[in-house]
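Chains as they are written, first to last, in the numbering used here: chain A, 1 to 262; chain B, 263 to 590; chain C, 591 to 1198. C-beta: ideal position from N, C-alpha, C; glycine also.
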Amino acid sequence: MHILVLLKMVPDVVEDLEIAPDGKALDLEYLRMILSESDDHALEQALLLKERHGGKVTVLALDAPEVDDALFTAVAKGADRVVKVVGMDAGSTTRQAASALAQVIQKETGLMPADLVLTGVQAIDDLDGLIAPLVAHELGLPYLGIVTRVSLDAPGQSVQAIKEYPGGVHGEFEVKLPAVLGMQAAEKPPRYVPVAKVRTAMKSQKIDCTLVPTLADGGWLAIDVVEMKRNEPAGHAEMLEGDPDQVSGKLCGILAERGLVA
Amino acid sequence: MTGNVWVVAEQWRGHLSEITYETLALGREVADGLGVPLTAVLAGSGIQELAQTLGCADSVLYVDHPLLAEPIPELCAEALAQLIEARKPCALLVPLTNVSLGVGTLVATRLGNSAVNFCKDIQIVDGKLRAICVMYGGKIEAAVEPAGGLAIVGVWPGARPADKGRSERSPSIEEATVTLEDTRVRLKRYIDPEAGDVDLTKQDVLVAVGRGIQSRDNIALAEELAHALGGEVAGSRPVIDQGWLPLSRQVGKSGLAVKPKLYVALGISGAPEHIEGMKDSALIVAVNSDAGAPIFNVAHYGIVGDVLETLPALTEAIAARKTAGHHA
Amino acid sequence: MPDALYLWILTLVSFGLFGRRAYSYVKVLLGARAEKRWDHVGQRLKLVLVNVLGQRRLLEEPVAGAAHFLIFWAFMVYATSFFWNLVRGLFPFLPIPFADQVPWVRVLLAVFGVLGLAALAVAAVRRYFFAPPRLEKSRDASIILALIAVVLISALVGLRFQEVSRAMWWVHMVTVLGFMAYLPYSKHMHLLASPFGVFFGSLQPGSMPAASEGAARRDEFTWRQLLSGLACAECGRCDRACPAFNSGFALSPKMLMHHMKELVRGEAGDGNGGGFIGSAVKPEEIWACTSCLACMTRCPVMNEHVPVLLEMRRHLVGEGDMDKSLQEALKNLTRYGNSFGTAPRARSKWTQQLQFSIKDARKEPVHYLWFVGDYASYDPRLAAATCAAARVFRKAGLDFGILYDGEYNSGNDARLAGEEGLYETLRDKNLKSFAKAHFDEVVTTDPHSFHVLKNEYPATNGARTVRHHTQLLSDLILSGELPLKKKLRMTVTYHDPCYLGRYNAVFNAPRRVMAALGLKLVEMPQNRTYAYCCGAGGGRIWMEDPPVIKERPAITRVREAASLRGVHTLVVVCPKDLVMFQDAIKTIGLEDKLEVKELSELVEQAMG
Chain A
1 MHILVLLKMV
11 PDVVEDLEIA
21 PDGKALDLEY
31 LRMILSESDD
41 HALEQALLLK
51 ERHGGKVTVL
61 ALDAPEVDDA
71 LFTAVAKGAD
81 RVVKVVGMDA
91 GSTTRQAASA
101 LAQVIQKETG
111 LMPADLVLTG
121 VQAIDDLDGL
131 IAPLVAHELG
141 LPYLGIVTRV
151 SLDAPGQSVQ
161 AIKEYPGGVH
171 GEFEVKLPAV
181 LGMQAAEKPP
191 RYVPVAKVRT
201 AMKSQKIDCT
211 LVPTLADGGW
221 LAIDVVEMKR
231 NEPAGHAEML
241 EGDPDQVSGK
251 LCGILAERGL
261 VA
Chain B
263 MTGNVWVVAE
273 QWRGHLSEIT
283 YETLALGREV
293 ADGLGVPLTA
303 VLAGSGIQEL
313 AQTLGCADSV
323 LYVDHPLLAE
333 PIPELCAEAL
343 AQLIEARKPC
353 ALLVPLTNVS
363 LGVGTLVATR
373 LGNSAVNFCK
383 DIQIVDGKLR
393 AICVMYGGKI
403 EAAVEPAGGL
413 AIVGVWPGAR
423 PADKGRSERS
433 PSIEEATVTL
443 EDTRVRLKRY
453 IDPEAGDVDL
463 TKQDVLVAVG
473 RGIQSRDNIA
483 LAEELAHALG
493 GEVAGSRPVI
503 DQGWLPLSRQ
513 VGKSGLAVKP
523 KLYVALGISG
533 APEHIEGMKD
543 SALIVAVNSD
553 AGAPIFNVAH
563 YGIVGDVLET
573 LPALTEAIAA
583 RKTAGHHA
Chain C
591 MPDALYLWIL
601 TLVSFGLFGR
611 RAYSYVKVLL
621 GARAEKRWDH
631 VGQRLKLVLV
641 NVLGQRRLLE
651 EPVAGAAHFL
661 IFWAFMVYAT
671 SFFWNLVRGL
681 FPFLPIPFAD
691 QVPWVRVLLA
701 VFGVLGLAAL
711 AVAAVRRYFF
721 APPRLEKSRD
731 ASIILALIAV
741 VLISALVGLR
751 FQEVSRAMWW
761 VHMVTVLGFM
771 AYLPYSKHMH
781 LLASPFGVFF
791 GSLQPGSMPA
801 ASEGAARRDE
811 FTWRQLLSGL
821 ACAECGRCDR
831 ACPAFNSGFA
841 LSPKMLMHHM
851 KELVRGEAGD
861 GNGGGFIGSA
871 VKPEEIWACT
881 SCLACMTRCP
891 VMNEHVPVLL
901 EMRRHLVGEG
911 DMDKSLQEAL
921 KNLTRYGNSF
931 GTAPRARSKW
941 TQQLQFSIKD
951 ARKEPVHYLW
961 FVGDYASYDP
971 RLAAATCAAA
981 RVFRKAGLDF
991 GILYDGEYNS
1001 GNDARLAGEE
1011 GLYETLRDKN
1021 LKSFAKAHFD
1031 EVVTTDPHSF
1041 HVLKNEYPAT
1051 NGARTVRHHT
1061 QLLSDLILSG
1071 ELPLKKKLRM
1081 TVTYHDPCYL
1091 GRYNAVFNAP
1101 RRVMAALGLK
1111 LVEMPQNRTY
1121 AYCCGAGGGR
1131 IWMEDPPVIK
1141 ERPAITRVRE
1151 AASLRGVHTL
1161 VVVCPKDLVM
1171 FQDAIKTIGL
1181 EDKLEVKELS
1191 ELVEQAMG
């Protein structure tokens, strides 16, 4: 079986996020990029399926800072081929990314045919749409999101996918292949791969680079970001100050007033 | 802008979700702001009676089709797209929940239209719709104006209080038809969760832990506080994923939605996916070492500090107050 | 048949059995991974002199040690005499007497025979009536005691009673030949293996194996690691010293060595070198080690428990078989250079609590580069102690600076957790920062960092001096350059941190500082190389504890401190010790009895 995994780098929120001078985007200077968390799960699920059923895993990502590290890590974990799409404008939106990826998937040799296209359910910067349904639509493939388990029903025909609903409820779905799935979580947490293995991958494997195709005018309309700012929570909560004993005393008083300390 | 404002009424397993009313309340304001009518769109199979509760809207567009019995995003999106092509609304508000995720994007792409995600509020500026969106786990706020005559907006839970979207009024109900093909995505069955030892939705007090609790061993500290307050321990998704608490204790978009009298959030950053599950709590207290954590946006009281130092101090203070109270 | 013929037959059978078995072990060792242990022959011979001939480590347990010393020397005398007799017996035409026909040899045999028997009696009484915990009371051991007794008694009886001397000679020779054939099947293989083990022992106690992919199969261990199994005499000193074992973790260093022996013999796993981890040794045993080095410090035959565990950890890391919190810590280290997952820029946030600013060694030259360490920088519970150190350095007039966010975790604990590649990455990042900074010497308040900065980071980086802050303070005190204004009249006790003490033999510097402060030091019962680890090392501070353990090492240790009369302060010089002991004190409610103080805090008090 052939599984295609789509990876996206997103800003790492562990670092403080700064706004660019124009007030409409993040300041790229202090930004570090990290692999989108659910994309990591998508990769893990692909590798688990490969371990169970054999086949190949191809990873596709748009060029971004630190993407090479993510791609070599994917190789070290067991991906067979990694492809990077270069030539996109910095600061492209999710919609543009999805369109580029869909075109590359169709045009680049060896990416299709694939049984499954796996990617994360949602990334923290998906302001104008989600990758999985966008790619699914452009490829004309079925789509299911918030998936936490994938098993091969009839090889080549369909998969069984478990989707999360509210309240801990799950839905068991049958999805005809080929299909696009938006992974919420893999069956197992993303595996650890030692730094030494990633370094070996850097030496032994190449990243295939492919130029982004001239995007046919998608015809879709864009969104205009009027303003971007940090979400300073100053407004809402009443902050209690002091050392742990002091704040505990204050809070205890507040709770007692409301009859919550019996 | 011309055309109605449409709100997708989310139906699941025979009920309308709370977010339907929250989004209706928002839609009402948007429609009034634009001076156009508000329409609720209800798609399903044999659920017409649910349309009665959508009186906050001026009208309900009801679509009945056997393939829409269960909300399958692909099919919902196709149905909505057909309706939109026929009736040309100016805005479509779609809930962002596990049930409806993806619908907004699919409709937009099917129509060649833009989509706006992560919306928590909508303003009308110069007669145009401006969405206030929360990105990066809640840390960044972006004001976005979609281009074109149709704004497709995905709305987070909690945009407005649900009660504002409920009404005694009976809306006018119009039936519409759509053509749907059999789907390549088929729901076979629901798997309900096993009953946990505790039903969080019935608790008055919840002490919830997030990544900031740092290790399984520290959960015992949270249990002490919960015990002192007469409540139970809950957790955000990362804690459940680590295996430190069972699934029955998960609060958030894939877990439970709770409304206790007191919700203590310890080391929880406050990403929208968690807020969804606890935003309606009567009193929210948050402890986090990051002063910029989005949880402080929804908390009533906040403490910036080390969870592992504050937690035992709090438990001690509560215990001391209780003994003092008993002796008084 | 002439005597010689009988002797030949017996000798050939005995040597044949012995040789075949011993050769099978040698073959296994030859087929294992290489390891360079031929360097510094002079030093190695000295190790043999002290530890084999001198039996030094055995004498740490005085009664058993003395007994073994005598048994060992009796063995040496009797072995020499045996081979002498054997050669003479096999080659009757040789113009030499039998050994027991030479007067001074008879005296030696008599003296050592009696001493040996006395020692044997002591050993037997100890083994059967006063056995220390973890002494392996195997049938094998009993057989050996009996055989040695027969060997000695037969010789003594033969010496004393002429009429039976020939019979006794045969009893003696046959017993020894029998012993020889039995030897490679018993734990007494240690007789042969241990001198080699000592000769090929590690010359630097804290050095870890060179980078590898780890070991799970027999041929993936090095020959020296496998040799440890054969050299083990199952005395149990390692178990008695091990904090993990004594806390109820699954790990027993002695059983680990026993399993290595089984592995060499083809008795573990699938019998062919595979299936070792999971069946013979479980992952939870491998992860339980705190790398405190107590086992290796006590082991009389210089076995290498920690390197063996480390190789297996490397294998488990390669498989991704570790608990999630360790995985999280390693991921954070890889990405952010600290185990907390906090932004690198936040590393120097603690300095905001000072009334002065610390020089940035990247931007201006300083004399001392202070390598602060992860925990001291990021853990809020340590800010007070870290700030105290800063103020002490300043009051002492030292020209010092830090690297701010150019400092990364030193990598020591990542390496001990089995992630050698991560250690190398962190080390290289630190070296890059060092290269860009301007300083003459390195001082660190973190023993884990101290260990690798001093011993492992390449000396090519200017070969600058690396000192722990207790060494620096001690040197300043000796040269009169530390301005102490008052004497602290406190009675304290002191915990020797593993990475300062056992790993680097720094015991006196902290004591000199404490004495200069006027502190009255009451030593812990387990002090210096016997210090009991706090349990945080080897990456354990990043791991979860298994649910069923008796008492965490840190709790045992603070109980030990609290038991000392008049002592209310436990002095530490390692950030991890500080948090581990503070936590332990809180957990068992000893806050009123004992407090933990970093030495810098006391120095600051004494500086006025």
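Within its own chain, the residues whose Cβ lies closer than 8 Å to the Cβ of residue 950 of chain C, once the five positions on either side in sequence are excluded, are 991, 992, 993 and 994, listed in chain order. Each of C:999, C:668 and C:986 was checked against the Cα of residue 963 of chain C, and the nearest Cα belongs to C:999.
Using a CB distance cut-off of 8 Å, residue 65 of chain A does not count as an interface residue toward chain C. Taking all protein chains shown into account, residue 543 of chain B has 16 or more neighbouring C-beta atoms within 10 Å of its C-beta and is therefore buried. Approximately 7 Å separates the beta-carbon atoms of residue 287 of chain B and residue 318 of chain B; this is inside 8 Å, confirming the contact.
Residue 1197 of chain C and residue 996 of chain C have their C-alpha atoms spaced approximately 31 Å apart.
Residue environment: residue 45 of chain A is assigned as buried (16 or more neighbouring CB atoms within 10 Å of its CB, all protein chains considered). Under a criterion of Cβ atoms nearer than 8 Å, the residues of chain C adjacent to residue 15 of chain A are, in order, 933 and 935.
At least one C-beta of chain C is nearer than 8 Å to the C-beta of residue 504 of chain B.
Straight through space, the alpha carbons of residue 48 of chain A and residue 180 of chain A are spaced by roughly 17 Å. Annotation for residue 174 of chain A: the continuous beta strand (DSSP E) segment containing it runs 170-176. Taking 8 Å as the threshold, the shortest C-beta distance from residue 1010 of chain C to chain A falls below it.
Per the DSSP secondary-structure output, residue 230 of chain A pairs in a beta bridge with B:402. In this structure, DSSP gives residue 556 of chain B a helical state, which the three-state scheme calls helix.
Counting only runs of 3+ residues, the beta strand (DSSP E) found wholly inside the segment 91-142 of chain A occupies 116-120, in chain order.
Residue state for residue 1079 of chain C is assigned as coil, using DSSP reduced to three classes.
Counting along the chain, the unbroken alpha helix (DSSP H) around residue 750 of chain C starts and ends at 729-750. About 20 Å separates the beta carbon of residue 403 of chain B from that of residue 414 of chain B, a gap too long to meet the 8 Å contact definition. Secondary structure note for residue 293 of chain B: its alpha helix (DSSP H) is the uninterrupted segment 280-296.
If you look at residue 496 of chain B, you'll find it in the beta strand (DSSP E) that goes 494-497.
For the segment 195-225 of chain A, the beta-carbon criterion of a distance under 8 Å to any beta-carbon of chain C is satisfied by 195, 196, 197, 198 and 199. Interface with chain C (8 Å Cβ-Cβ cutoff): residue 189 of chain A is included. Per DSSP, reduced to three states, the secondary structure at residue 24 of chain A is coil, with no helix or strand assignment. Residue-level contact check: residue 1116 of chain C does not touch chain A, since none of the beta carbons of chain A fall below 8 Å from its beta carbon.
Residue 630 of chain C sits exposed, since fewer than 16 C-beta atoms from the chains shown fall within 10 Å of its C-beta. Interface annotation, residue 537 of chain B: not in contact with chain A, CB-CB separation never under 8 Å. For residue 353 of chain B, the enclosing beta strand (DSSP E) starts and ends at 353-357. Remark: C-beta atoms of residue 309 of chain B and residue 419 of chain B do not approach each other more closely than 8 Å. With contacts defined as CB atoms closer than 8 Å, residue 1134 of chain C and residue 915 of chain C qualify as a contacting pair. Secondary structure at residue 1031 of chain C: strand, using DSSP grouped into helix, strand and coil.
Annotation: the continuous alpha helix (DSSP H) that includes residue 982 of chain C extends over 973-985. The alpha carbon of residue 1026 of chain C has as its nearest neighbour, out of C:1005, C:953 and C:781, the alpha carbon of C:953.
Under the rule that a run must span 3 or more residues, the beta strand (DSSP E) segments found entirely inside the segment 438-525 of chain B read 447-453, 467-471 and 494-497. The continuous stretches of alpha helix (DSSP H) do not include residue 1009 of chain C, and DSSP gives it neither H nor E.
Boundaries for residue 565 of chain B: no alpha helix (DSSP H) harbours it, while the beta strand (DSSP E) harbouring it runs 563-566, taken from the DSSP string. Distances from the CA of residue 1017 of chain C to each of C:948, C:924 and C:670 were compared; the closest alpha carbon is that of C:924.
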